[in-house]
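Report on the following structure.
Protein chains in written order, with the working numbering: chain A, 1 to 106; chain B, 1 to 413.
See below:
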């Protein structure tokens, strides 16, 4: 199963096994990784699952779609590598993915 | 009782509000006993997808669960289900459950949710007539959603429209019967309701508006719906989406203040300071709406109640309340709603409906109070931020699409 590393804003790392087909958000929430709220459960309705994708993984995660980009416009501390983790689907190609979490989702 | 003396917490109701409360109490460092009592067998799960991706078969139950069922034992949360709480003894602070067992508490959280209204009609119990609230309800409906079958949806609220959209996509013949003269009458403006009426009509849904169902026909199984005006609609399956009643029986029996939901203060405390009420079953003052007491049926409200209560019990910084938000998925349309539109006097549009991408902003005087955004996430989030911070944008300015929403929000006062 692909492994994903979440790094909290304070530097604490969480390595989680994520089943293919689930999203990077779901894997975090199900393992209670602090810092990903995901209040809407992945419906792209709340923008509280913001992550920074480690630059070397950007090519593999792809870019934010237009709906996601519009949501990100209103998130806090957005960078070029910002994504909503509910829109990144886990696959074997993402085994080893590293994402960092922002200071706050609200 | 001060929060430091709370050792035993009982949460009645294992929906999203109850489940999130247990999780956030542990995350916040609460080390005492937590008992989570659920009437449904499943661990806490998300209800919104039931009438959307889950009904379509695109999302398995496992992915609806808030967290894997094993987490509750790992975090020492005693999750008991399917179990019904039948009595609250406030004097001795005990909850009695079916079978007679009594569980003591220091703090009690009512997260009992709501139950779907049953059709008040002869024939409502026939096979093939469904209510729609739980995973079991969705599971019961799903095998009947076969191309070519005739579905009648009674009630054109969000649940009814979402179910209709799924059924059309699966190839059923769909008729919606609604007693009001327009769909979504309780929850949006005539303009936005008109857009959804047109969209569903274009997708092949038939509407009977102002229609009064009089009788569900059939012998063992439903065969149709008779209308009060003599109309007669054949059906293989009937789904009622005519709203919910807050589940307040326990609260009423133990003498808590109840008025369209268990009444609480802004901290979700009921008239008994040892009892909180959150989610669909509770009504509390809304910070962004002059403390008007509202009972909201939404994920946001469920999660917010959990955050408020967990912060109080763990002694954390009080949760900063958000403006209410909601969403609905129908066909390829994503409707995102922020705020409460009731009492608006003007609606202003950004974008045009024909493009299937627009936002309706609701104003009371100069004040922006709500937005319905269709495939317009930026407008939705921008308006939500404005409502939350008590800012507004002039009506003529917000309608001007030459300025990006982000700029308008940044400049808003």
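Glycine included, C-beta positions come from ideal geometry on N, C-alpha and C.
Practice item. Report the residue from B:246, B:179, B:219 whose alpha carbon sits nearest the alpha carbon of residue 229 (chain B). Key: From the listed residues B:246, B:179, B:219, the smallest Cα separation to residue 229 (chain B) is found for B:179.
Check your understanding: Who are the neighbours of residue 39 (chain A) on chain B, taking C-beta pairs under 8 Å?
Key -> Neighbours of residue 39 (chain A) on chain B, chain order: 299, 300, 303.
**Study point:** residue 164 (chain B), DSSP secondary structure in three states
**Key:** In the three-state DSSP reduction, residue 164 (chain B) falls in the helix class (H, G or I).
Exercise for review: Flag residue 104 (chain A) as yes if its beta-carbon sits less than 8 Å from any beta-carbon of chain B, otherwise no.
Suggested key: Using a CB distance cut-off of 8 Å, residue 104 (chain A) does not count as an interface residue toward chain B.
Check your understanding: Does residue 22 (chain A) get closer than 8 Å to chain B when you measure Cβ to Cβ?
Key -> For residue 22 (chain A), the closest Cβ of chain B is nearer than 8 Å.
Point to revise | Which of helix, strand or coil DSSP assigns to residue 183 (chain B) | key: Reduced to three states, the DSSP call for residue 183 (chain B) is coil.
Exercise for review: Reducing DSSP to helix, strand and coil, say where residue 133 (chain B) ends up.
Suggested key: In the structure shown, the three-state DSSP call for residue 133 (chain B) is coil.
Check your understanding: Between residue 207 (chain B) and the rest of its own chain, which residues show a CB-CB distance below 6 Å, the 5 nearest in sequence each way excluded?
Key -> Excluding its 5 nearest sequence neighbours in each direction, residue 207 (chain B) has C-beta neighbours in its own chain below 6 Å: 176, listed in chain order.
Review point. Given residue 401 (chain B), which residues of its chain have a CB within under 8 Å of its CB, disregarding the five upstream and five downstream residues?
Key: Sequence-distant partners of residue 401 (chain B) (beyond 5 residues in either direction) whose C-beta falls short of 8 Å from its own C-beta, in its chain, are 350, 351.
Review point. Using 8 Å as the Cβ pair cut-off and three pairs as the minimum, do the stretch 25-35 of chain B and the stretch 52-68 of chain B touch?
Key: At 8 Å Cβ cutoff, the stretches do not touch.
Review point. Where in the stretch 259-300 of chain B do unbroken runs of the beta strand (DSSP E), each at least 3 residues long, occur, reported from the N-terminal end onward?
Key: Counting whole runs of 3 or more residues, the stretch 259-300 of chain B contains the beta strand (DSSP E) stretches 275-277, 282-286, 292-294.
Exercise for review: Work out the CA separation of residue 86 (chain A) and residue 42 (chain A) for me, nearest whole Å.
Suggested key: Residue 42 (chain A) and residue 86 (chain A) have their C-alpha atoms some 5 Å from each other.
**Study point:** Three-state secondary structure (DSSP) of residue 35 (chain B)
**Key:** In the structure shown, residue 35 (chain B) sits in a strand (DSSP, three-state: E or B).
Check your understanding: Going along the chain, which residues of its own chain have a beta-carbon closer than 7 Å to the beta-carbon of residue 131 (chain B), five neighbours each way excluded?
Key -> Taken in chain order, the residues that qualify are 116, 118, 137, 240.
Practice item. Would you mind stating whether residue 277 (chain B) and residue 251 (chain B) have Cβ atoms separated by less than 8 Å? Key: Yes.
Point to revise | residue 24 (chain B), buried or exposed, once every other Cβ within 10 Å from all chains shown has been counted against 16 | key: Buried, by the Cβ-count rule.
Review point. Cβ of residue 82 (chain A) less than 8 Å from any chain B Cβ?
Key: Not an interface residue.
Exercise for review: Could you work out which residue in B:214, B:165, B:253 is closest to residue 331 (chain B) when comparing CA atoms only?
Suggested key: Out of B:214, B:165, B:253, B:165 has the C-alpha closest to the C-alpha of residue 331 (chain B).
Point to revise | alpha helix (DSSP H) runs contained entirely in the stretch 23-74 of chain B, provided each spans 4 or more residues | key: Entirely contained in the stretch 23-74 of chain B, the alpha helix (DSSP H) runs reaching 4 residues are, in chain order, 53-56, 61-64, 70-74.
Review point. Helix, strand or coil: how does DSSP classify residue 197 (chain B) here?
Key: Helix, per DSSP.
Check your understanding: Is there at least one Cβ from chain B nearer than 8 Å to residue 73 (chain A)'s Cβ?
Key -> Chain B, which has a Cβ nearer than 8 Å to the Cβ of residue 73 (chain A), makes this yes.
**Study point:** CB contact check: residue 324 (chain B) to chain A, cutoff 8 Å
**Key:** Taking 8 Å as the CB threshold, residue 324 (chain B) stays off the interface with chain A.
Review point. Since residue 377 (chain B) is in the alpha helix (DSSP H), which residue starts that stretch and which ends it?
Key: Its alpha helix (DSSP H) spans residues 377-388.
Check your understanding: Once you ignore the five residues that flank residue 66 (chain B) on each side, which residues in its own chain have a CB closer than 8 Å to its CB?
Key -> Cβ contact annotation for residue 66 (chain B) (same chain, cutoff 8 Å, sequence separation greater than five): 16, 19, 20, 23, 43, 44, 45, 46, in chain order.
Check your understanding: For residue 181 (chain B), which option in B:157, B:174, B:162 has the closest C-alpha, if you only look at C-alpha atoms?
Key -> Selected option, being the one with the closest Cα: B:157.
Exercise for review: Locate the alpha helix (DSSP H) running through residue 89 (chain B), then write down its first and last residues.
Suggested key: That residue, residue 89 (chain B), is in no alpha helix (DSSP H); its beta strand (DSSP E) goes 85-89.
Check your understanding: Would DSSP call residue 314 (chain B) helix, strand or coil?
Key -> The three-state reading of DSSP puts residue 314 (chain B) in helix, counting H, G and I together.
Point to revise | Nearest to residue 220 (chain B) (by Cα), restricted to the options B:258, B:369, B:237, B:329 | key: Selected option, being the one with the closest Cα: B:237.
Check your understanding: Thinking just about the alpha-carbon of each residue, which of B:389, B:405, B:346, B:403 is nearest to the one in residue 413 (chain B)?
Key -> When only C-alpha atoms are compared, the closest one is B:389.
Exercise for review: Assign residue 395 (chain B) to one of three DSSP states: helix, strand, or coil.
Suggested key: It is helical.
Practice item. Could you tell me whether the stretch 62-70 of chain A touches the stretch 15-34 of chain A, using the rule of 3 or more Cβ pairs below 8 Å? Key: The stretch 62-70 of chain A is not in contact with the stretch 15-34 of chain A.
Review point. Does residue 67 (chain B) get closer than 8 Å to chain A when you measure Cβ to Cβ?
Key: Yes, residue 67 (chain B) lies at the interface with chain A (some Cβ there is under 8 Å from its Cβ).
Check your understanding: Quick one: Cα of residue 210 (chain B) to Cα of residue 75 (chain B), how far?
Key -> Annotation: residue 210 (chain B) to residue 75 (chain B) spans about 52 Å, alpha carbon to alpha carbon.
Review point. Around the C-beta of residue 212 (chain B), are 16 or more other C-beta atoms found within 10 angstroms, so that it is buried, or is it exposed?
Key: The residue in question, residue 212 (chain B), is exposed, as its Cβ has fewer than 16 Cβ neighbours within 10 Å.
Practice item. Starting from the beta carbon of residue 391 (chain B), find every residue of chain A whose beta carbon is closer than 8 Å, and list them in chain order. Key: Ordered by position in chain A, no residue passes the 8 Å Cβ test against residue 391 (chain B), which lies about 14 Å from the chain.
Exercise for review: Following the continuous alpha helix (DSSP H) through residue 61 (chain A), name the residue where it begins and the one where it ends.
Suggested key: Per DSSP, residue 61 (chain A) belongs to the alpha helix (DSSP H) from 58-61.
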